[in-house]
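Asker: The following block contains the structure, expressed as structure tokens.
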Amino acid sequence: MKAREDDVPVDVPDARTFGSTLGNAVWLMSLDNAFRDLPLSCLEARVSTPILLRHFKLYSKEGQPVAFLTWASVSDYVRDRIEAGGQGLSLDEWRSGQNIVVVDVVSPFNPRNVIEEKFWQGVKSSQE
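Numbering of the sequence shown is given in numbering that gives the first Met the number 0, commencing with residue 0 and proceeding in unit increments.
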């Protein structure tokens, strides 16, 4: 059965954007010791889902990707679970509430905290 045009969510990235972002994220993961040994099966939940939901930020310097950050807008329960060290979000948890949490920071060239601080500065300035 063919999907009708109005059945497709408006904010889903086009195939070119999705593919380019996925490629950049995977390349960065291959250079980052914290991510390089993850099985390919992790890409669906940790990379593809946030790209499809547009819950990512790709940082570049002089046109070269240098970091990839993902976040979720979660319920209090999910936020508490993540803060306690729990990993893995189900699809419905990525947009389950108003609490913004950083899920992953892939940053082989800069300290993770620098990238995360940039993200939070952007969040703060967008709320002002």
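Beta carbons: idealized from backbone N, C-alpha and C, even for Gly.
1) Below 8 angstroms on the Cβ atoms is my contact criterion, and I expect Glu134 with Ala71 to pass it. Report the Cβ-Cβ distance as a whole number of Å.
2) Mind pulling the beta strand (DSSP E) runs of 3 or more residues that sit fully within the stretch 45 to 109?
3) Beta carbon of Val100, beta carbon of Glu116: below 9 angstroms?
4) Please list, in chain order, all residues of the same chain as Lys56 whose beta carbon is under 7 angstroms from its beta carbon, the five residues on each side excluded.
5) Where does Arg45 land, buried or exposed, given buried means 16+ other C-beta within 10 angstroms?
6) Helix, strand or coil: how does DSSP classify Phe118 here?
7) So Ala24 and Val102 are supposed to be a Cβ contact under 8 angstroms. How far apart are they, rounded?
8) Quick check: the Cα distance between Leu42 and Tyr58, rounded to an integer number of angstroms?
9) Just reading off the alpha helix (DSSP H) that Ala33 is part of, what are its end residues?
10) How long is the line joining the alpha carbons of Ser95 and Ser19, rounded to whole angstroms?
Answerer: The answer reads as follows:
1) Look at the range of the chain in this structure, 0 to 127, and you will see that residue 134 is not part of it.
2) 55 to 60, 63 to 73, 98 to 105
3) no
4) If you ignore the 5 residues before and after Lys56, its C-beta comes within less than 7 angstroms of the C-beta of Leu68, Phe118, all in its own chain and listed in chain order.
5) So Arg45 counts as buried.
6) helix
7) Not quite, the Cβ-Cβ distance comes to about 12 angstroms (not below 8 angstroms), so this is no contact.
8) 19 angstroms
9) No alpha helix (DSSP H) contains Ala33, which DSSP labels as neither H nor E.
10) 27 angstroms
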